[in-house]
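Protein chains in written order, with the working numbering: chain A, 806 to 1145; chain B, 806 to 1145.
Each residue gets a CB set at the ideal place from its N, CA and C atoms; glycine is no exception.
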DNA sequence: TGAGCTTTCGGTATCGTTACCGATAACGAT
DNA sequence: ATCGTTATCGGTAACGATACCGAAAGCTCA
């Protein structure tokens, strides 16, 4: 009664099968130096006992668990969720397992080395590589397999990002071509490269069309619905309100449509709204949202693909891997008949 | 150059601080038998090196990591995401860390012992307890801290679930009181207790009102948008179509509204739609969705709370922990003027 | 028949950490 | 001055798995 561990250990399997732990280990890892009959017997016991080797012990010794880790800071952003979904797809396809780690925000707040600590916690022992989905400057030794998504800066790691500038540019040009001259922008947090790029695209379209950029038409957000509500109310309460609003992401666009609805402003007749992301919901709002597709899921898959490549020894360049964006025209924008 | 481990080990900290690994371990775990000066010195080194102890090694020895695990099968269901969000909240509040594990579906398919295997992988060594968010019969030794959410059956574990039957009953009675006599149902997978309970509530409301239950008004779904599209099209293409549809979850209700829109059926004038979940999006569809609130986030928090209780030695009963539901009346339902 | 090779397996060291035991020094009390 | 007590630390053995080495048995071939 000394050993009342709830889980079965390799030792128990070995005893039950009448072989050594080494042999069980060999069976587990599919080595070919096991007699067929022995292998079968061991496998049968494994199934009967519902045994599976402990990730921790296995990883500590072998440093290869076929598991990749995802560090995520904010589970409430649907962007993050979609990314994880994409990662999951690739991971499943490549027969890896996935571990998503939400680190204690309070515990790490203000710690400049938190990324290194998180990596140390999971490194080698549990996961073979890590994808960061978090708006933070990553500060790490560069020789450990790490890929970032939608980073805060162009850094020393492979990063997956969309062609944000171009996407926003296309969207705003589309609005301008529809005749809009007062185009509002609800931006994302400037801490994120993607938000800065999208604002740049907005500016570039204005610049090319010879239109001024009006500071009162900009509201800073953070890609969240809540914050965008505030920005939307602000822009739509302006004495001379914008005829179109480009939201930095779909979530923000939904907020704009919600506020417009509240204020009795009709979309698209009185206000054109354009989003960014092409989240699944965007097709089913009323009216369906015109938006810039950046296939977030693909970003996740791509990141996972790069990481697995790296893990398996193939070289991966430290640079921005850009994924294309494209304008999805639905029904939330309309030509502006005014002084065009 | 023999030891080119990327991460710092406790040994490195010990050497740098001029103490033994035991002492560093004591500092790490906040023991009081360390001199103040030594503690400070060690802590400084730890910060400088960005050291954090490996979850795997630590857990293997001490069997208490302050980490809880969540096993999730399908990341594409927003229900699951919301649950995880709730778990995360509680976990953060109690200063635990969270690990979400998506196990390889292909690898486990058809394995009757997969839950035991997953637990074995994570058990003790990495996490202190596990929350299952997966529609599966859980088959486990009962002495390991496990809580399930929205289980397939009332089993031998603490499980968190909503008052589904009552919620669905209330919703359908509301429709009947509005004058509807042909109420369609897009159900969830019968493998889930919640889906069976909701269908039961639907039946009960009909029974109490003396209305027959028409088999052609039932379409089986699985809580997913995609599948619900099929069911919705089926119900709305009926020669004598329902005047109201109760969807087993919001996601399915969105599908109904989408199809109705496609077919030129106006909601709520021509068709009342009611959902279940009260997901954030449901308030912002057009029209805003009338639905049954089951505060999924709270379900997650409650599950985490129970699990942590269990882990910390307080007793937790093996039973269904029911969370209340309530009808949220918005604008997707209307009185049916017909032969009432 | 024996040398040499292959197949199959067991024993031992080890991964990074904590638990446990015991050693040392400092200090107060008698 | 001696002893007991306390504060502080180091050494060693695990945790559960895999890597590596080498042993035993079976086979081939001269």
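Checklist entry - Should the region 972-982 of chain A be regarded as contacting the region 994-1012 of chain A, the criterion being three or more beta carbon pairs within less than 8 Å? => result yes
Checklist entry - Between the region 1055-1062 of chain A and the region 965-976 of chain A, do three or more beta carbon pairs fall short of 8 Å? => result no
Item to check | Short Cβ contact (8 Å threshold) for residue 1064 (chain B) with residue 1038 (chain B) | outcome: Here residue 1064 (chain B) corresponds to residue number 259 of the second chain, with the count starting at 1. Here residue 1038 (chain B) corresponds to residue number 233 of the second chain, with the count starting at 1. Going by C-beta atoms, residue 1064 (chain B) is nearer than 8 Å to residue 1038 (chain B).
Checklist entry - CB-CB under 6 Å to residue 822 (chain B), same chain, minus the five flanking residues each way: which ones, in chain order? => result By 1-based counting over the second chain, the position of residue 822 (chain B) is 17. These residues qualify, in order along the chain: 846, 847, 850.
Checklist entry - Start and end of the alpha helix (DSSP H) containing residue 1106 (chain B)? => result By one-based count along the second chain, residue 1106 (chain B) stands at place 301. DSSP places residue 1106 (chain B) in the uninterrupted alpha helix (DSSP H) bounded by 1101-1116.
Checklist entry - Per DSSP, what kind of secondary structure is residue 892 (chain A) in: helix, strand or coil? => result Taking the first chain and counting its residues from 1, one reaches residue 892 (chain A) at position 87. Three-state result, residue 892 (chain A): helix.
Item to check | Buried or exposed (CB count within 10 angstroms, at least 16 for buried), residue 1073 (chain A) | outcome: Residue 1073 (chain A) sits at position 268 when you count from the first residue of the first chain. The residue in question, residue 1073 (chain A), is buried, as its Cβ has 16 or more Cβ neighbours within 10 Å.
Item to check | Cross-chain neighbours of residue 1109 (chain B) in chain A, by beta carbon under 8 Å | outcome: For the purposes of this step, residue 1109 (chain B) is identified with residue 304 of the second chain, where counting begins at 1. None at all; the shortest Cβ gap to chain A is about 12 Å.
Next on the checklist: Strictly under 8 Å for the Cβ-Cβ distance: is residue 906 (chain B) near chain A by that measure?
Outcome noted: Within the second chain, the letter at position 101 stands for residue 906 (chain B). It does; some Cβ of chain A falls within 8 Å.
Item to check | Endpoints, beta strand (DSSP E) assigned at residue 1090 (chain A) | outcome: Here residue 1090 (chain A) refers to the residue found at position 285 when the first chain is read from its first residue. Residue 1090 (chain A) -> no beta strand (DSSP E), and no H or E assigned at all.
Checklist entry - Checking contacts by CB at 8 Å: is residue 954 (chain B) closer than that to chain A? => result Within the second chain, the letter at position 149 stands for residue 954 (chain B). For residue 954 (chain B), the answer is no, since every Cβ of chain A falls outside 8 Å of its Cβ.
Checklist entry - When we look at the beta-carbon of residue 828 (chain B) and count the other beta-carbons within 10 Å, is it buried (16 or more) or exposed? => result As a position in the second chain, residue 828 (chain B) is number 23, starting the count at 1. Its Cβ being crowded by 16 or more others within 10 Å, residue 828 (chain B) is buried.
Next on the checklist: If I follow the unbroken beta strand (DSSP E) through residue 986 (chain B), where does it start and stop?
Outcome noted: Here residue 986 (chain B) refers to the residue found at position 181 when the second chain is read from its first residue. First-last for residue 986 (chain B): undefined, no H or E at that position.
Item to check | Cutoff 6 Å; reference residue 894 (chain A); Cβ partners in own chain excluding five residues on either side | outcome: Translated into positions along the first chain, residue 894 (chain A) becomes position 89. Hits under 6 Å: 1106.
Checklist entry - Should residue 810 (chain A) go down as buried or exposed, given a rule of 16 or more other Cβ atoms within 10 Å for buried? => result Within the first chain, the letter at position 5 stands for residue 810 (chain A). Since pLDDT at residue 810 (chain A) reaches only 44, below the 50 mark, its modelled position is unreliable, and no value is offered.
Item to check | DSSP bridge partner residues for residue 1023 (chain B) (one or two, in chain order) | outcome: Within the second chain, the letter at position 218 stands for residue 1023 (chain B). Looking at the DSSP assignment, residue 1023 (chain B) forms a beta bridge with B:990.
Checklist entry - Run through DSSP, which three-state label would residue 1075 (chain B) get? => result If you number the second chain from 1, residue 1075 (chain B) lands on position 270. It is coil, neither helix nor strand.
Checklist entry - Can you name the start and end residues of the beta strand (DSSP E) that residue 906 (chain A) belongs to? => result Position 101 of the first chain, counting from 1, holds the residue named residue 906 (chain A). It spans 902-907 - the beta strand (DSSP E) in which residue 906 (chain A) sits, taken as one unbroken run.
Item to check | Listed by chain order, chain A residues near residue 890 (chain B) by CB distance under 7 Å | outcome: Position 85 of the second chain, counted from the first residue, corresponds to residue 890 (chain B). Contact note: residue 890 (chain B) reaches chain A through 880, 881, using a C-beta cutoff of 7 Å and chain order.
Checklist entry - With which residues is residue 1096 (chain A) paired in a DSSP beta bridge? => result Here residue 1096 (chain A) corresponds to residue number 291 of the first chain, with the count starting at 1. Beta-bridge pairing links residue 1096 (chain A) to A:1080, A:1133.
Next on the checklist: Please report whether the beta-carbon of residue 1091 (chain A) lies at a distance below 8 Å from any beta-carbon of chain B.
Outcome noted: For the purposes of this step, residue 1091 (chain A) is identified with residue 286 of the first chain, where counting begins at 1. Taking Cβ atoms only, chain B reaches closer than 8 Å to residue 1091 (chain A), which makes this a yes.
Checklist entry - With DSSP run on the structure shown, which of helix, strand or coil describes residue 1015 (chain B)? => result Residue numbering aside, residue 1015 (chain B) sits at position 210 when the second chain is read from its first letter. Residue state, collapsed to three classes: coil.
Item to check | Candidates A:944, A:1021, A:906, A:832: closest to residue 856 (chain A) by CA position | outcome: On the first chain, position 51 is the one that residue 856 (chain A) refers to. Looking at the Cα atoms, A:832 is the closest of the given residues.
Checklist entry - Taking just the CA atoms, how far does residue 1116 (chain A) sit from residue 996 (chain A)? => result Working through the first chain from its first residue, we reach residue 996 (chain A) at position 191. Working through the first chain from its first residue, we reach residue 1116 (chain A) at position 311. Straight-line Cα distance between these residues: approximately 29 Å.
Next on the checklist: Is it buried or exposed, residue 1119 (chain B), if we count other Cβ atoms within 10 angstroms and call 16 or more buried?
Outcome noted: For the purposes of this step, residue 1119 (chain B) is taken as residue 314 along the second chain, with counting starting at 1. Exposed is the call here.
Checklist entry - With a cut-off of 8 Å, does the C-beta of residue 926 (chain B) fall near any C-beta of chain A? => result Here residue 926 (chain B) refers to the residue found at position 121 when the second chain is read from its first residue. Chain A, which has a Cβ nearer than 8 Å to the Cβ of residue 926 (chain B), makes this yes.
Item to check | Through-space distance from residue 901 (chain A) to residue 885 (chain B), alpha-carbon basis | outcome: Start at 1 with the first residue of the second chain, and residue 885 (chain B) comes out as number 80. Start at 1 with the first residue of the first chain, and residue 901 (chain A) comes out as number 96. Each residue's alpha carbon lies about 21 Å from the other.
Checklist entry - For the alpha helix (DSSP H) that residue 853 (chain A) lies in, which residues bound it at each end? => result As a working note, residue 853 (chain A) is residue 48 in the first chain. Start and end: 841-854.
Next on the checklist: Let me confirm a value: residue 1123 (chain B) is counted as buried when at least 16 other C-beta atoms fall within 10 Å, else exposed. Which label applies?
Outcome noted: The residue you call residue 1123 (chain B) lines up with position 318 of the second chain. With fewer than 16 other Cβ atoms within 10 Å, it is exposed.
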